[in-house]
Each structure stands twice: as C-alpha cells, then as structure tokens.
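So the protein lines, in turn, are chains A and B. Under the working numbering, the first residue of the first sequence carries the number 19, and numbering increases by one thereafter. Under the working numbering, the first residue of the second sequence carries the number 19, and numbering increases by one thereafter. The structure appears below as structure tokens.
2 protein chains.
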Amino acid sequence: MISNLTIAEENYIKAIYHLQQSGELVATNALADQMRTKPASVTDMIKKLKSKGWVDYEKYQGVQLSELGTQEALRIIRKHRLWEFFLVEKLKFGWDEVHEVAEELEHINSELLIEKLDAYLGFPKFDPHGDPIPDSSGKMEVQLQINLIDLPLDTKAVIKAVGSQKSELLELLRTKNLLMGSEVEVKQRYSFDHSMDVVVNGQSVYISQQLAQALFVYPL
Amino acid sequence: MISNLTIAEENYIKAIYHLQQSGELVATNALADQMRTKPASVTDMIKKLKSKGWVDYEKYQGVQLSELGTQEALRIIRKHRLWEFFLVEKLKFGWDEVHEVAEELEHINSELLIEKLDAYLGFPKFDPHGDPIPDSSGKMEVQLQINLIDLPLDTKAVIKAVGSQKSELLELLRTKNLLMGSEVEVKQRYSFDHSMDVVVNGQSVYISQQLAQALFVYPL
DNA sequence: AAATATTTTTAGGCAAATCTAAATTATATT
DNA sequence: AATATAATTTAGATTTGCCTAAAAATATTT
Chain A
19 MISNLTIAEE NYIKAIYHLQ QSGELVATNA LADQMRTKPA SVTDMIKKLK
69 SKGWVDYEKY QGVQLSELGT QEALRIIRKH RLWEFFLVEK LKFGWDEVHE
119 VAEELEHINS ELLIEKLDAY LGFPKFDPHG DPIPDSSGKM EVQLQINLID
169 LPLDTKAVIK AVGSQKSELL ELLRTKNLLM GSEVEVKQRY SFDHSMDVVV
219 NGQSVYISQQ LAQALFVYPL
Chain B
19 MISNLTIAEE NYIKAIYHLQ QSGELVATNA LADQMRTKPA SVTDMIKKLK
69 SKGWVDYEKY QGVQLSELGT QEALRIIRKH RLWEFFLVEK LKFGWDEVHE
119 VAEELEHINS ELLIEKLDAY LGFPKFDPHG DPIPDSSGKM EVQLQINLID
169 LPLDTKAVIK AVGSQKSELL ELLRTKNLLM GSEVEVKQRY SFDHSMDVVV
219 NGQSVYISQQ LAQALFVYPL
C-alpha cells in the first residue's frame, strides 16, 4: 500500500475530492481553475491518474475518484488538517496563515510521522477551521453543522467551521472575535438585509448576511 | 532573497557542503556517490548551479560552494536539524529513525514556520545527534568536541555527537545506553585492542575501539 | 434541426532531472 | 615521455508536468 504518488498527483486527487463534494462528476475546466493550470494539462493528468487506478473517467464525461482515490484523498486531507492543528495549537500561527504551509507539509510521506503527530496533538477531531480530521482508517466525525443564517433565535451554539479560507474573511472573523469554539446565540434578526445581532462569548456583535452565511455552528 | 531552489538543487547544495567539510574541492564522482546518481547527471546539475551563482566551478577542477551557496546550505541544515530536534524531543521518535523524515521536512519553504518552530523548541543549539544548529543568520556554536578515544582517564565528559548516522551504530548506542547528553568517564583502557571500560550515567560499560571512535564528547 | 458557442481532447513542444554511451581531459605507470 | 587508466564531460534520449494551437465532441441558441 505504498503511496507512489508525485506531489502533482496528490494535489489533483485532493482537488477532485473537494470538487466532487458539491455535486457530481468533476469537469475538466473546473479542475483546471482549481489547479491554476490549463484544461489540456488536466486531461493529460487525468489520463495518468486513470491508468493508475485513482480515478474513474470516460472521455468528455468528467472525472470521479475511485474507491482507492477516495482513500488516498482522505489520507492527504488527514495530514493537511493535522498539520494545521499543529501550526495553530503548538506553533501559535494565526489560523488564517496556516493554509499554504500545511499545503506543503501534507506531502511529507511517513506513516509513522503522522501517527506520532496525531498522538502528540491528542487525536484531535477537528482542525482550526472546524473541518473534521479523518482518522487513520479514513473515517471522520460528521457533526451536524448548520449555517448561522439558519440558527433559531435564542439558541446557543458553538462556532465550528467557516465556509471559505479567504484571508479577508478570516481577518474579519478575528477582529469580531468570532473564533472557532466560541459560543454564539442569535438575539435579533433584521429582515431588511438579513443582518443580525449575535452574542459571542457574552459580547454583543452585529454581523452581515454575508458573514453569517460563511459561518457554520453546532447547536447545543 | 527568495530561495528559488528546486528540491534537487537544495539536495546538491547540502551534499556539496558536507563533502567540502573534510577537504578541498568536491569531485564529480564523490558527489555522484553521495547523491546516488551518475557522474553525467552531476555535471549537468553543477553547470546549472554555477549559472545561478550557488557554486564556483571550472571544468574538470571540482566544485565548491560560493558565499551564497554556503549561506543556503546553512539554511537547509538549520531546517533539517530543527526538525530532527522536534521529532525526537516532541514526537518521541528514536533518534536513529529521524533522518529520512527530516530529509523531507527540510525542504518546506517558510521563514515564519522555521522561526516559530525554533521558538517553540526553545532555540536549541544542538540536534539529537549532537550536531550544532545554525541560527537564523547562519552562525552556529562550535563546541570543542573530542573523540572518546582521546578523552583522558577519569575525566568526566558529556556525549555530544556521533561520527556517523548508520542505523547499526545508532542501534548499538541505544542498547548500550550511550545516549546524547549522557555523562561518560573512561575508567580503563586495554592497549591490546584499544577497547575500554567507561562509566555512563553511573553504569559501567565495555566498548570497542570502533565504537569509541564513533563518539564525540565534550569534557567538563 | 442547423448553426453557434463552449468544453474537452489531441498533437506537438518545452524545461527539469535523470540516464547510457561515447568522447575528452587528467592522472598514474612504466 | 608515452601509454594506460581513471575521472569527467558531451551528446542524445527519456519521463514528468506543463504549455499553445488546432481539432473534435458536446451543449446551447435560434
């Protein structure tokens, strides 16, 4: 079960995994955008991935990870999220500055390293952005997370995830003190623009629709 | 000062650094051995490194790192040794199983990461094998280390480094409890085979000439 | 259903890092 | 000093991942 994948192959597999989350088969153009490369290059790579059994693919019909490819994607995501947790929890990175570095660290190939890192971190179940960390067999906790937009009034919840990794968003969240793990409660909604007053860790904050839509919470 | 080096280029620079430690100009064949590649490939790479200013080189005359190349080598070695320290100190790797993983980690490119890692580890001056860790400006402590073979009788010293990274050696050291940082004292020498009795952390151990020659100590 | 637009694939090339085989230069031996 | 041996370089290929331009397939309009 030795992962004989190049870094480029791993990146494609991860990108395909993320793109198929929201929908069906992944289009060549969508993958090209994601990988910041050209459609022709994507076709080349897909053919290689198919020949190695990581994806299912028929000409012009889009790609999909095979069973094997899905397992591999989960292994990569596990590494990525464990490293993100490490960077924030231990090295005191801001949680908005870890993505690029984790993107490099995720390609280090050592089973032993990842198992020891996992143990060192105390087997965390969620990364600093609230995304679940797959365990060594690829399973991850699916936590019932709802959009803050849909949280009923006067219901306590915990901030669990953000909908995007954009640094502008992460910066805003930090200044508003909307951190992962914070307790929130919606106190008032304004139907005009769907903005709302929420209480975060006892402190009242006014947030826009766009911001609320970017936040996922776990009702208590 | 953005390091625009490929992983292959970094590995060559590091190899040249190590090879020039013990001697003068580095021969193509020596580099080929070290890099487990063929002399023809080495020549190609050397020409590229020269064109980028990392090495000084004249046809048939051997290579040498330039000032710039030396600085780069020290940056890579700094990363390698910090990661080794992390793996042993925090993740509880055996100090004989960290080399390969550190070899991968050393290529992660993030100034911030390395500075934060250094701080997290408490700015260590020596790695788990006793080798000095360069600081962010490339300076490292040169500690007066002598070979255990040359340590006078009844003189306390601390084990600081090993002469090789061979796993057979590291395994033997572990079973004999000759760990980095242990206190040693030579109690008796046998001129027949240059073997000796030493006391390590209060415990008497008998070691061969070959083993003693592989150990470097810092007299107290 | 035909024409147009969009998406995807093919064809042919390029740079990096390696290889083998052959040529060249340096070193050692007689 | 001439020759033999060893070290090094050059020449020509290969693989990986990417590119551009053109062709083919699919989707959308009219």
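Where a beta carbon is used, it is the ideal one built from N, C-alpha and C, also for glycine.
Asked	Found
Quick check for students: name the residue ranges of the alpha helix (DSSP H) that lie wholly in the stretch 176 to 201 of chain A, counting only runs of 4 or more.	185 to 193
Distance cutoff 8 Å, beta carbons only. Does Leu123(B) sit that close to anything in chain A?	yes
Which same chain residues end up closer than 6 Å to Ile25(B) when comparing Cβ atoms and leaving out the 5 residues on each side of it in sequence?	His125
Would you grab the beta carbon distance between Leu100(A) and Leu67(A) for me? Rounded to a whole angstrom, and I think it's under 8 Å.	The pair is not a contact, with the Cβ atoms about 25 Å apart (cut-off 8 Å).
Take Asn127(A) as the anchor and find which of Leu37(B), Ala120(B), Arg192(B) has the nearest alpha-carbon.	Ala120(B)
Mind listing the chain B neighbours of Leu197(A)? Cutoff is C-beta to C-beta under 8 Å, in chain order.	The premise fails here: Leu197(A) is roughly 20 Å from chain B at the closest Cβ pair, so nothing lies under 8 Å.
Measure from the C-beta of Lys77(B) to each C-beta in chain A and report whether the shortest distance is under 8 Å.	no
Interface residues of chain A around Leu229(B) at Cβ under 8 Å?	Under the 8 Å cutoff, chain A gives no residues; its nearest Cβ is about 27 Å from Leu229(B).
Under 8 Å, do Gly199(B) and Val176(B) count as touching if we go by C-beta distance?	yes
Looking at the secondary structure, which residues open and close the alpha helix (DSSP H) in which Pro57(B) lies?	57 to 69
Look at the alpha carbon of Tyr236(A) and the alpha carbon of Ile95(A), and state the distance between them as a whole number of angstroms.	22 Å
Compare the C-beta of Leu100(B) with all C-beta atoms of chain A and state if any pair is closer than 8 Å.	no
Just to confirm the assignment: which complete beta strand (DSSP E) runs, minimum length 3, are found wholly within the stretch 77 to 122 of chain B?	81 to 83
Could you tell me how far apart the beta carbons of Gln227(A) and Ser209(A) are, in whole angstroms, since I believe they sit closer than 8 Å?	That belief does not hold up - the Cβ atoms of Gln227(A) and Ser209(A) are roughly 11 Å apart, past 8 Å.
Please work out which residues of its chain come closer than 7 Å, Cβ to Cβ, to Pro142(B), disregarding the five sequence neighbours upstream and downstream, and give them in chain order.	Phe103, Ile151
Out of curiosity, what's the CA-to-CA distance linking Val202(A) and Gln183(A)?	21 Å
Check whether the stretch 217 to 224 of chain A and the stretch 50 to 61 of chain B are in contact - that is, three or more C-beta pairs closer than 8 Å.	no
Give a yes or no on whether the minimum CB-CB distance between Met19(B) and chain A is below 8 Å.	Because the pLDDT of Met19(B) is 40, which lies under 50, any placement of that residue in the model is unreliable, and the question is left without a value.
Here's the rule: buried if 16 or more other CB atoms are within 10 angstroms of the residue's CB, otherwise exposed. What is Asn22(B)?	exposed
Quick check on Val160(B): buried or exposed, where buried means 16 or more other Cβ atoms within 10 Å of its Cβ?	exposed
What residues are listed by DSSP as bridge partners for Phe144(B)?	Pro150(B)
Excluding sequence positions up to five away, which residues of its chain have a Cβ less than 8 Å from the Cβ of Lys65(B)?	Tyr75
Give every residue of the same chain whose Cβ lies closer than 8 Å to the Cβ of Lys110(B), excluding the five residues on either side of it in the sequence, and list them in chain order.	none
Taking Tyr255(B) as the query, report the chain A residues whose CB atoms sit under 7 Å from its CB, ordered along the chain.	Past the boundaries of the shown model lies residue 255(B); chain B is included only from 19 to 238, so the question cannot be answered.
Assuming Leu187(A) contacts Val180(A) (C-beta within less than 8 Å), just tell me the rounded distance between them.	7 Å
With distance defined between alpha-carbon atoms, name the residue in Asn195(A), Arg207(A), Gln39(A) nearest to Gly112(A).	Asn195(A)
Can the beta-carbon of Leu229(A) be found closer than 8 Å to that of Leu190(A)?	yes
Using the Cβ count rule (16 or more neighbours within 10 Å means buried), how would you classify Gly41(A)?	exposed
Work out the CA separation of Leu123(B) and Ala91(A) for me, nearest whole Å.	21 Å
Can a CB atom of chain B be found closer than 8 Å to the CB of Lys97(A)?	no
If I follow the unbroken alpha helix (DSSP H) through Ile52(A), where does it start and stop?	Correcting the residue identity first, residue 52(A) is Gln in this sequence and not Ile. 46 to 52 is the span of the alpha helix (DSSP H), which, as asked, contains Gln52(A).
Which residues of the stretch 116 to 142 of chain B have a Cβ closer than 9 Å to any Cβ of chain A? Give them in chain order.	Glu118, Val119, Glu122, Leu123, His125, Ile126, Asn127, Ser128, Leu130, Leu131, Lys134, Leu135, Ala137, Tyr138
With Val44(A) and Gln89(A) assumed to form a contact (beta carbons below 8 Å), what rounded beta-carbon distance in angstroms separates them?	Going by Cβ atoms, the distance from Val44(A) to Gln89(A) rounds to 17 Å, so no, they are not a contact pair.
Just the Cα atoms here: how many angstroms apart are Val60(A) and Lys108(A)?	37 Å
Taking DSSP as the reference, what is the three-state secondary structure of Tyr30(A)?	helix
Using a Cβ-Cβ cut-off of 8 Å, state whether Leu166(B) counts as contacting chain A.	no
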